[in-house]
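First residue of the sequence shown: 1402, per the working numbering; consecutive thereafter.
Each residue gets a CB set at the ideal place from its N, CA and C atoms; glycine is no exception.
Please read all numbers here as calculations on a predicted model, not as lab measurements.
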Amino acid sequence: MPQGKPELVPDDGLTTRQRRTQPITAVHTGPGKGKSTAAFGLALRAWNQGWPIGVFQFVKSAKWKVGEENALKVLGASGEGGSVAWHKMGEGWSWVQRDLESSEEAAKEGWQQVKRDLAAETYRLYVLDEFTYPMHWGWVDVAEVVQVLRERPGSQHVVITGRYAPEPLLELADLVTEMTKVKHPMDAGRKGQRGIEW
């Protein structure tokens, strides 16, 4: 196991083992490419540890079949690692028995399900993909998100992706990575490619 050295060891009485099991809130934000990809990389690590994983995609269209979805579903069904539950807002959330009238309503219902799952400790890792957008657009209350994440039980890890992460979320997070675009093929008029963008 890698032996990372923390810059600061707080005088809180916790053992090394206790520090290794503290829940992490991670945020991948910024204008660069790779925010969701990095979150799905964490999901692969969680799967390998046998953790149940819940993926909630808040913006992507149901018609967009991302490669990570297929790969993680196959891995989750293999019986070798953790289970994987995948929910896409564009398909209508699987637990909702009615047609939602708007993206805003769907995002709010998705957040309600995340809250229910956190309270029930359904998953060990939650990937809330592009969840910053419903917060940025005012569809989901940022203060409520921060409170729910701060008070979640157990050692459930949460990674949130998307641009425009609100400051209170960044302050709460244990890990914040800002993806910065230096150069992108689309800047030169090139289109997204199979195996690169999806």
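Residue i in three-state terms, based on DSSP
{"i": "glycine 1414", "result": "coil"}
{"i": "alanine 1486", "result": "strand"}
{"i": "glutamate 1579", "result": "strand"}
{"i": "alanine 1508", "result": "helix"}
{"i": "valine 1467", "result": "coil"}
{"i": "histidine 1537", "result": "helix"}
{"i": "glutamate 1574", "result": "Residue identity check: residue 1574 is alanine in the sequence provided, not glutamate. Alanine 1574: coil per DSSP, three-state reduction."}
{"i": "proline 1567", "result": "coil"}
{"i": "glycine 1480", "result": "coil"}
{"i": "proline 1586", "result": "helix"}
{"i": "lysine 1592", "result": "coil"}
{"i": "lysine 1406", "result": "coil"}
Length of the line joining the Cα atoms of residue i and residue j
{"i": "glutamine 1450", "j": "phenylalanine 1459", "result": "26 angstroms"}
{"i": "serine 1484", "j": "alanine 1472", "result": "12 angstroms"}
{"i": "leucine 1445", "j": "histidine 1488", "result": "17 angstroms"}
Start-to-end residues for the alpha helix (DSSP H) that takes in residue i
{"i": "phenylalanine 1441", "result": "1436-1449"}
{"i": "valine 1549", "result": "1543-1552"}
{"i": "valine 1456", "result": "No alpha helix (DSSP H) holds valine 1456; the beta strand (DSSP E) holding it covers 1454-1458."}
Residue i beta carbon near the ligand PLP (any heavy atom closer than 7 angstroms)
{"i": "glycine 1433", "result": "Ligands displayed in this structure: none; no statement on the ligand PLP is therefore possible."}
Residue i - containing beta strand (DSSP E), residue span
{"i": "leucine 1529", "result": "1526-1530"}
Beta-ladder partner(s) of residue i, from DSSP
{"i": "threonine 1562", "result": "His1429"}
Interface flag, residue i vs chain D, CB-CB below 8 angstroms
{"i": "valine 1583", "result": "Structure shown: chain D not included; a single protein chain is present."}
Report task. Check whether the segment 1516-1534 touches the segment 1428-1440, taking contact to mean three or more Cβ pairs, one atom from each stretch, closer than 8 angstroms. Result -> Three or more pairs of CB atoms, one per stretch, sit closer than 8 angstroms, so the segment 1516-1534 contacts the segment 1428-1440.
Query raised in the report: Between the segment 1406-1419 and the segment 1563-1572, do at least 3 Cβ pairs fall closer than 8 angstroms?
Result: Output reads no: the segment 1563-1572 does not touch the segment 1406-1419.
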